[in-house]
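Accompanying notes for the structure given below.
Numbering (the working numbering), first residue to last: 213 to 758.
Have a look at this one:
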């Protein structure tokens, strides 16, 4: 993996996406369903692609939306669809296309007041609030977002009635039905003109901002933040929550400054990520370079990705925190400061998250629920309160309300960000200092994630790795204790594998959103041991992909 010389620097004009060409490609290019890369394919969080290579076009959105209408009818889902969009260039036309199909199918749709951009957690929150106390006429949701992906990408997410990301059974059904529509030339897709769809009796407006912001005091201790006067800086990274932060500051009288409210679908204000691409990843030190530079101006600074379902925390003590470090701090703090949660409420983590979480959970006496990558695995536990906090290494998390009831069942970037200020307000320590206390108690693990390019064919191979392909008895000088291809929490396939020793581990899996593969590794014996693990892990992966 080689880093681009542009990494951490503002993107030059020459690399900005040509927006008119991109939108023209969305409407003009026709995907070929005989090409696997141009079919509908749901990864870990929806269908994603670019209009330029015919992997995300108007026909995909037409086909997926009609398939969702069929799924809703088959499962007697008769409530409204909460429809949201982020600030990617393809999200707005995709939202319009989806509305044309939903209205033609007689589906009630909740659009944002004033066509406001809508964060993923605001849609999840809206679904759960609407469905509370109902057993019939349940609502679900659609989000047009490719998350933190580059500006030329589009994305389509479906959240069923539990408010979380759709599980693989649901997305598999929708994917299959949508591809049938592509193969048959969309002949069975119902559609009406956009202007007519906006006027339809089934199209309604919903104030996502007000309902979400007004409810935040039930999940975050705003009184502690306000009374302590914590100085906060937030950069929405031009994302869907851009207008939420000022409303939060006003509603709760917080000392919170919005660093930038700029929205530009080229994302020209972003610093370039490790590989020379623009990517709104709040856990990347390259993408977050501008906010890191402001760390001494505030007591705490934070950012969220484009659909605001991921967080990035910048502290005075350590700068940008690694997501795993902050997750461990959140867990340690919340389970000692949420008396309304059940004593049996557990902790959800993905298998590529740090083993520091395991140690914190053991000290707290809380059950650990380990699952493959994908937030969908946590939705039911959040709904029934059996999981108090859930998180994944890519800076996605959510947790319960003060009273132990569900807040969101999808990732929420805003509440972990605000929690960092609550932690300072109550403890007097920033999250970086809090993590140092954990390492004093449990040791300081070294952790790394390596991203490298991979073709779709290579990703398929990597997703089918077996324990038998690990022929060595040792990893970085330690006996291998376990090779996992399924998760201990729920027995689901990892879509890759995890190799473990007493003091270290690595996991390898293909990305569900981009043409890259990822190697995650951790060592409790320091950086040198970690480098040995990642080197040997890369050798195993290279052999599998050869």
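Beta carbons: idealized from backbone N, C-alpha and C, even for Gly.
Residue(s) in a DSSP beta bridge with residue 722: Residue mapping note: residue 722 aligns to position 510 of the chain shown, counting from 1. Residue 722 pairs with 729.
C-alpha distance - residue 551 paired with residue 614, whole-angstrom precision: To locate residue 551, count along the chain shown from 1; it is residue 339. To locate residue 614, count along the chain shown from 1; it is residue 402. So the two alpha carbons sit approximately 8 Å from each other.
Cβ neighbour criterion (16 or more within 10 Å) applied to residue 507: Within the chain shown, numbered from 1, the residue matching residue 507 stands at position 295. So residue 507 counts as buried.
Buried versus exposed call for residue 491 [16 or more other C-beta atoms within 10 Å across all chains shown]: Here residue 491 corresponds to residue number 279 of the chain shown, with the count starting at 1. Result: buried.
Cα-Cα separation, residue 314 to residue 403: Taking the chain shown and counting its residues from 1, the one referred to as residue 314 is at position 102. Taking the chain shown and counting its residues from 1, the one referred to as residue 403 is at position 191. Answer to the nearest angstrom: the Cα atoms are 8 Å apart.
Alpha carbon of residue 382 to alpha carbon of residue 583, nearest angstrom: Taking the chain shown and counting its residues from 1, the one referred to as residue 382 is at position 170. Taking the chain shown and counting its residues from 1, the one referred to as residue 583 is at position 371. Roughly 18 Å between the two C-alpha positions.
Burial state of residue 215, where buried means 16 or more other Cβ atoms lie within 10 Å: As a first step, residue 215 is located in the chain shown; it is residue number 3 there, counting from the start. So residue 215 counts as exposed.
Beta strand (DSSP E) segments (min. 3 residues) lying fully within the segment 362-411: 365-371
The segment 283-294 in contact with the segment 390-407 per 3-pair CB rule at 8 Å: no
Residue from 524, 697 and 512 whose Cα sits closest to the Cα of residue 637: Counting from 1 along the chain shown, the entry for residue 637 is found at position 425. Residue 637 has its Cα closest to that of 512, out of 524, 697 and 512.
Cβ neighbour criterion (16 or more within 10 Å) applied to residue 666: Here residue 666 refers to the residue found at position 454 of the chain shown. Burial call: buried.
Sufficient close CB pairs (3 or more, under 8 Å) joining the segment 678-694 to the segment 628-645: no
Element boundaries [beta strand (DSSP E), containing residue 654]: Taking the chain shown and counting its residues from 1, one reaches residue 654 at position 442. It is not in any beta strand (DSSP E) - residue 654 instead sits in the alpha helix (DSSP H) that spans 643-654.
Other residues of its chain near residue 440: CB distance less than 6 Å, five sequence neighbours each side excluded: Indexing the chain shown from 1 puts residue 440 at position 228. If we look at residue 440 and ignore the five residues flanking it on each side, its Cβ neighbours are 637.
Alpha-carbon to alpha-carbon, residue 564 and residue 719: By one-based count along the chain shown, residue 719 stands at place 507. By one-based count along the chain shown, residue 564 stands at place 352. If you take the alpha carbons of residue 719 and residue 564, they lie about 6 Å apart.
Three-way DSSP call (helix, strand, coil) for residue 507 in this model: Within the chain shown, the letter at position 295 stands for residue 507. Three-state DSSP puts residue 507 in a helix.
Within 8 Å, strictly: CB atoms of residue 705 and residue 713: To locate residue 705, count along the chain shown from 1; it is residue 493. To locate residue 713, count along the chain shown from 1; it is residue 501. Going by C-beta atoms, residue 705 is not nearer than 8 Å to residue 713.
With 16 other Cβ atoms within 10 Å as the buried cut-off, status of residue 376: Taking the chain shown and counting its residues from 1, one reaches residue 376 at position 164. Flag for residue 376 reads buried.
Three-state secondary structure assigned by DSSP to residue 596: Here residue 596 refers to the residue found at position 384 of the chain shown. DSSP places residue 596 in helix when its eight states are reduced to three.
Identity of the residues DSSP links to residue 694 by a beta bridge: Counting from one through the chain shown, the residue named residue 694 turns up at place 482. Note: residue 694 sits in a beta bridge opposite 712.
Unbroken stretches of the beta strand (DSSP E), 3 residues or longer, contained in the segment 517-554: 523-527
Residue 534 CB to nearest heavy atom of the ligand ZN below 7 Å: Ligands displayed in this structure: none; no statement on the ligand ZN is therefore possible.
Contact the segment 315-325 vs the segment 429-444: 3+ CB pairs below 8 Å: no
Residue of 601, 232 and 435 minimising C-alpha distance to residue 548: Here residue 548 refers to the residue found at position 336 of the chain shown. Ranking 601, 232 and 435 by Cα distance to residue 548 puts 601 first.
Own chain partners of residue 387 with C-beta closer than 7 Å, once the 5 adjacent residues on each side are dropped: To locate residue 387, count along the chain shown from 1; it is residue 175. Contacts found: 252, 253 and 254.
One or two residues paired with residue 582 in a DSSP bridge: Taking the chain shown and counting its residues from 1, one reaches residue 582 at position 370. Note: residue 582 sits in a beta bridge opposite 561.
Residue 446 - partner residues in DSSP beta bridges: On the chain shown, residue 446 is found 234 positions in, with the first residue counted as 1. Answer by DSSP bridge pairing, in chain order: 470 and 514.
Inter-stretch contact at 8 Å, needing at least 3 Cβ pairs: the segment 265-277 / the segment 231-245: yes
Under 8 Å between C-beta atoms of residue 470 and residue 448: By one-based count along the chain shown, residue 470 stands at place 258. By one-based count along the chain shown, residue 448 stands at place 236. Contact flag set, yes.
Residues bridged to residue 734 (per DSSP): The residue given as residue 734 occupies position 522 in the chain shown. In DSSP, residue 734 forms a bridge with 659 and 717.
Sub-8 Å separation of residue 433 and residue 726 beta-carbons: What you label residue 433 is simply residue 221 of the chain shown in a count that begins at 1. What you label residue 726 is simply residue 514 of the chain shown in a count that begins at 1. No; because the gap between Cβ atoms is not below 8 Å, this pair is not in contact.
For residue 661 and residue 678, the rounded distance between their alpha carbons: Residue mapping note: residue 678 aligns to position 466 of the chain shown, counting from 1. Residue mapping note: residue 661 aligns to position 449 of the chain shown, counting from 1. Going by the C-alpha atoms only, they are around 21 Å apart.
Residues near residue 364 in its chain [Cβ-Cβ closer than 7 Å; skip 5 each side]: Within the chain shown, numbered from 1, the residue matching residue 364 stands at position 152. Closer than 7 Å at Cβ, skipping near neighbours: 229, 234, 262 and 264.
One or two residues paired with residue 255 in a DSSP bridge: Position 43 of the chain shown, counting from 1, holds the residue named residue 255. Paired residue(s): 258.
Pair within 8 Å by beta-carbon distance, residue 728 and residue 664: As a first step, residue 728 is located in the chain shown; it is residue number 516 there, counting from the start. As a first step, residue 664 is located in the chain shown; it is residue number 452 there, counting from the start. Closer than 8 Å, so yes.
DSSP bridge partner residues for residue 493 (one or two, in chain order): Within the chain shown, numbered from 1, the residue matching residue 493 stands at position 281. Bridge partners of residue 493: none, in fact.
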